[in-house]
Amino acid sequence: MGHLGRCNLHHQASQMTYGLVDGNCFFVSCERIFRPSLKKKPVIVLSNNDGCAVARSDEAKALGIKMGTPWFKIKHLADSHGLVALSSNFALYGDMSDRMMQIIGRFSPLQEIYSIDECFISLDGFNTNLAEYGKSIKETVYKEIGIPTCVGIGKTKTLAKLANHFAKKQKQWNGVCDLTALTRYEIASLMNQTPTREVWGIGRQLDKKLDSMGIQTVFDLVKLDPAKAHKAFSILMADTILELRGIERITLNLAPAPKQEIMSSRSFGNPITSFSDLSDILSELCTKASTKLRKQNSIAKRLMIFIGTSTFRKCQQYQNSRIVQLSHPTSSTTRVINTALQALNVIFKDNIQYSKAGIMLMDLVPAQSCQGELFDEIAESPKSDSLMAVMDKLNAQYGKNTLKVASMGNHDTEGWYTKQERKTPAYTTDWRELLIVKA
Amino acid sequence: MKNSLSTISHIENIPLTINQIGSKAQAGFPSPAEDHAVGRIDLNEILIKHPVATFFLTVKGYSMENAGISDGDYLIVDRALPAKHNDIVIAEIDGDVTVKRLYKRNGILKLKAENLTYPDIVPVPGQEWAIWGVVTFIIKPAK
Chain A
35 MGHLGRCNLH
45 HQASQMTYGL
55 VDGNCFFVSC
65 ERIFRPSLKK
75 KPVIVLSNND
85 GCAVARSDEA
95 KALGIKMGTP
105 WFKIKHLADS
115 HGLVALSSNF
125 ALYGDMSDRM
135 MQIIGRFSPL
145 QEIYSIDECF
155 ISLDGFNTNL
165 AEYGKSIKET
175 VYKEIGIPTC
185 VGIGKTKTLA
195 KLANHFAKKQ
205 KQWNGVCDLT
215 ALTRYEIASL
225 MNQTPTREVW
235 GIGRQLDKKL
245 DSMGIQTVFD
255 LVKLDPAKAH
265 KAFSILMADT
275 ILELRGIERI
285 TLNLAPAPKQ
295 EIMSSRSFGN
305 PITSFSDLSD
315 ILSELCTKAS
325 TKLRKQNSIA
335 KRLMIFIGTS
345 TFRKCQQYQN
355 SRIVQLSHPT
365 SSTTRVINTA
375 LQALNVIFKD
385 NIQYSKAGIM
395 LMDLVPAQSC
405 QGELFDEIAE
415 SPKSDSLMAV
425 MDKLNAQYGK
435 NTLKVASMGN
445 HDTEGWYTKQ
455 ERKTPAYTTD
465 WRELLIVKA
Chain B
70 MKNSLSTISH
80 IENIPLTINQ
90 IGSKAQAGFP
100 SPAEDHAVGR
110 IDLNEILIKH
120 PVATFFLTVK
130 GYSMENAGIS
140 DGDYLIVDRA
150 LPAKHNDIVI
160 AEIDGDVTVK
170 RLYKRNGILK
180 LKAENLTYPD
190 IVPVPGQEWA
200 IWGVVTFIIK
210 PAK
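Sequence order for the protein chains is A and B.
Residue numbers for the first sequence follow this note's numbering, so the first one is 35 and each next one is one higher.
Residue numbers for the second sequence follow this note's numbering, so the first one is 70 and each next one is one higher.
Here it is as structure tokens:
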């Protein structure tokens, strides 16, 4: 339907109705559920290597912190304005996202999970006040998992996205904006106050070009002739204009979106102290994660490993993690293991009773987008074959003492990142890290 | 359609049981259990009514001893349930999270400790109260 829909030459007003529901500053909201003391405070979540702000509470936005601002530039706000910065806690965000999507899924027969914190739903044929319906979605999500959301409703996905933007930025909507209930004039007036960059699919480059053509507001864009837009930009721009006019060009994508991160981790009851045992376990986890990665037909650009002691055990405490940029994106088990073990070599400390280990594959992109990678790899990595053999043996014997330190490469050749220093507990995925409640 | 799919996945979940029973049958005795193969009891069935709204917490402190909640116990908390009078609840008070019994009668709202040496908590003007969730089960070790 997706492609056929785009080719259809008969432009008809959409008979469909879409909702877009998304979590407000989702990562920060996840953290606040388990640390209510963070409510009303400026809070940011940092990117994987604690490098820059990737999520900001409203209070943090009010301090002028922009998306992607490097942490070192705003560090001083911690002392002067009580800014709280947290490392990203993907175990938590992933689980809370699952929960949120399931709750929203109860409100519609069709749901497209668009990203970790937003989804489209079909609201076709609902003979009900849609703004009220949106409000009950919002209230249910908040009640059951404590995540505040906004709901946008429109005749097309692009309009639902735009409605969601209004719901989020304009107080009068109370978090739910239903464009289908507004007159053309009301919609035009809203569009007239909104810059084109707020439209779904209009990035910075397109925005610049539109601006140079004197197209500044969404209303300017809607007035643009789709055929001319097709010529000047692409079919996508023409479709965007049609969608803004209420003509459906982009249908729901019901295939589950590939995951953006894949994590594989384990806690062990009997602590481990030796490097070879830990590397066995890590290799196993790498195998699991890369298998999942290949299953969804993606490749990873970065990976993170983490190891640590149990906070509930009376022993010397140690937690550490490393993020490694892969020189080429990969889904190869051998390369993932190889890289992970090099990272382990860096953070492993002797005489520590390790109780958990894990690997996360990050910055995933579709495998097609990097063709020829398989061949590059064979040429590039002479170690690949011998490692594969080791891995096979490992699989056969279920991982005891198969991988030795001797198989490690030189860890100085990869770019190491700093560890995650401000990570909060995995409140919902690890028995040892539950929220502690005072009695 | 949906029904037949779930039946298939149900069968796929228990092939081990069926195989074992089948191999015994080859020895000559048809197992009387063969037609009754079902999934083993799953604690989640009785402990968790609303999976997406259920969270596990750990207890620290002694204020709820008389309600059977001890230091170190696990609590199963359901956020989907409305908090009613006499429920054991997780409450947020000015950003702190505490477990107490909810008292909500005759216009009086307070959080009661279940230990005589701990005072009840009554709302103070300017304080922010919210109910985080309702405790449905307590998991405690028997030894």
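Even for Gly, the Cβ is constructed at its ideal location relative to N, Cα and C.
The model shown is predicted, which means the values in this text are computed figures rather than measured ones.
Legend entry - For A/SER114, the residue or residues it bridges with in DSSP: Paired residue(s): none; A/SER114 is not in a bridge.
Inset, instruction - Determine the contact status of A/VAL471 and B/THR167, defining contact as a CB-CB distance below 8 Å. - result: The Cβ atoms of A/VAL471 and B/THR167 sit closer than 8 Å to each other.
Inset, instruction - Look at the alpha carbon of B/PRO188 and the alpha carbon of A/LEU468, and state the distance between them as a whole number of angstroms. - result: Looking at the two C-alpha atoms, the distance is approximately 26 Å.
Legend entry - Exposure label - B/PRO120; buried when at least 16 CB within 10 Å: Result: exposed.
Legend entry - Neighbour-count burial assignment, B/LEU178, 16 or more Cβ in a 10 Å radius: Here B/LEU178 is exposed. Its C-beta has fewer than 16 other C-beta atoms within 10 Å.
Inset, instruction - Mind checking which residues open and close the alpha helix (DSSP H) that includes B/ASN113? - result: Counted as a single uninterrupted DSSP element, the alpha helix (DSSP H) harbouring B/ASN113 occupies residues 112-116.
Legend entry - Residue-chain proximity (B/ARG170, chain A), Cβ-Cβ < 8 Å: For B/ARG170, the answer is no, since every Cβ of chain A falls outside 8 Å of its Cβ.
Inset, instruction - Please go through the same chain and pick out, in chain order, the residues whose beta-carbon is closer than 6 Å to the beta-carbon of B/THR11, but skip the five residues on each side of it. - result: Here chain B covers residues 70 to 212 and nothing more, so residue 11 of chain B does not appear.
Legend entry - A/ALA119 versus A/PHE106: straight-line alpha-carbon distance, rounded: Approximately 11 Å, taken between the alpha carbons.
Legend entry - Short-range partners of chain B found in the stretch 68-85 of chain A, where Cβ spacing is below 7 Å: Those residues of the stretch 68-85 of chain A that come within reach of chain B (Cβ to Cβ, closer than 7 Å) are PRO70, SER71 and LYS73.
Inset, instruction - Would you tell me roughly how many angstroms separate the C-alpha atoms of A/ARG40 and A/LEU337, rounded to the nearest one? - result: Unreliable placement is indicated for A/ARG40, whose pLDDT of 44 sits below 50; no coordinate value is reported for it.
Inset, instruction - Could you give the DSSP three-state label for A/CYS59: helix, strand or coil? - result: Three-state result, A/CYS59: coil.
Inset, instruction - Pull up the distance between the alpha-carbon of B/LYS212 and that of A/ASN82, whole angstroms please. - result: Straight across, the Cα-Cα distance linking B/LYS212 with A/ASN82 is about 42 Å.
Legend entry - beta strand (DSSP E) runs wholly inside the stretch 202-249 of chain A, at least 3 long, in chain order: As far as the stretch 202-249 of chain A is concerned, its whole beta strand (DSSP E) runs of at least 3 residues are 210-212.
Inset, instruction - Express the C-alpha separation of A/ASP254 and A/ARG24 in angstroms, rounding to a whole number. - result: This structure cannot settle anything about residue 24 of chain A, because the visible part of chain A is limited to 35 through 473.
Inset, instruction - Quick one: using the 10 Å Cβ neighbour count with 16 as the cut-off for buried, is A/SER324 buried or exposed? - result: Using a 10 angstroms sphere on the CB of A/SER324, the tally of other CB atoms reaches 16 or more, which defines it as buried.
Inset, instruction - Identify every residue that forms a DSSP beta bridge with A/GLY139. - result: In the DSSP output, where bridge partners are listed per residue, A/GLY139 has none listed.
Legend entry - Residues in the stretch 134-150 of chain A having any Cβ partner in chain B nearer than 7 Å: Of all residues in the stretch 134-150 of chain A, GLN136 and ILE137 have a Cβ within less than 7 Å of some Cβ in chain B.
Inset, instruction - Closer than 8 Å by beta-carbon distance: list the chain A residues that pair up with B/LYS129, in chain order. - result: B/LYS129 reaches chain A at ILE470, VAL471, LYS472 and ALA473, counting residues in chain order whose Cβ is nearer than 8 Å.
Legend entry - Own chain, CB closer than 6 Å to A/SER299, minus 5 neighbours either side, in chain order: So the qualifying residues of the chain are GLY392.
Inset, instruction - Compute the Euclidean distance between the alpha carbons of B/ILE162 and A/SER332, then round it to the nearest angstrom. - result: Between the alpha carbons of B/ILE162 and A/SER332 lies a gap of roughly 45 Å.
Inset, instruction - Pick helix, strand or coil for A/ARG336, following the three-state DSSP scheme. - result: Strand at A/ARG336.
Inset, instruction - Look up A/PHE309 in the DSSP assignment and say whether it is helix, strand or coil. - result: Helix, per DSSP.
Inset, instruction - Taking C-beta pairs closer than 7 Å, name the residues in chain B that A/THR343 reaches, listed in chain order. - result: For A/THR343, there are no C-beta contacts with chain B under 7 Å, since the nearest C-beta of that chain is about 18 Å from it.
Inset, instruction - Return yes when the Cβ of A/GLY53 is within less than 8 Å of the Cβ of A/LEU157, no when it is not. - result: Yes, Cβ-Cβ distance for A/LEU157 and A/GLY53 is below 8 Å.
Inset, instruction - Measure how close the beta-carbons of A/PRO104 and A/CYS86 come, nearest whole angstrom, since I'm counting them as under 8 Å. - result: In this structure A/PRO104 touches A/CYS86 by the C-beta definition: roughly 5 Å separates them, less than 8 Å.
Legend entry - Proximity test, Cβ basis, 8 Å: B/ASP156 and chain C: Looking at the structure shown, chain C is missing, and the protein chains on hand are A and B.
Legend entry - One or two residues paired with B/GLU161 in a DSSP bridge: In DSSP, B/GLU161 forms a bridge with B/VAL166 and B/ALA199.
Inset, instruction - For A/LYS203, count neighbouring Cβ atoms within 10 angstroms of its own Cβ and tell me buried if that reaches 16, exposed if not. - result: By the neighbour-count rule (16 or more Cβ atoms within 10 Å), A/LYS203 is not buried but exposed.
Legend entry - Assigned exposure category for A/PHE346 - 16 Cβ within 10 Å defines buried: Looking at its Cβ environment, which holds fewer than 16 other Cβ atoms inside 10 Å, A/PHE346 is exposed.
Legend entry - Start-to-end residues for the beta strand (DSSP E) that takes in A/HIS362: 353-364 is the extent of the beta strand (DSSP E) around A/HIS362.
Legend entry - Contact set for A/LEU288: own chain, Cβ-Cβ below 7 Å, skip 5 residues either direction: Only LEU144 and GLU146 meet the Cβ criterion.
Legend entry - For A/PRO104, the residue or residues it bridges with in DSSP: Within the DSSP bridge table, the entry for A/PRO104 names A/CYS86 as partners.
Inset, instruction - For B/ILE207, write down the residues that DSSP places opposite it in a beta bridge. - result: DSSP lists B/LEU144 as partners of B/ILE207.
Legend entry - Check whether A/GLU93 and A/LYS75 have beta carbons under 8 Å apart: Between A/GLU93 and A/LYS75, the CB-CB gap stays under 8 Å.
Inset, instruction - Kindly list, in the order they appear in chain A, the residues whose Cβ is closer than 7 Å to that of B/PHE125. - result: The contacting residues are LEU468.
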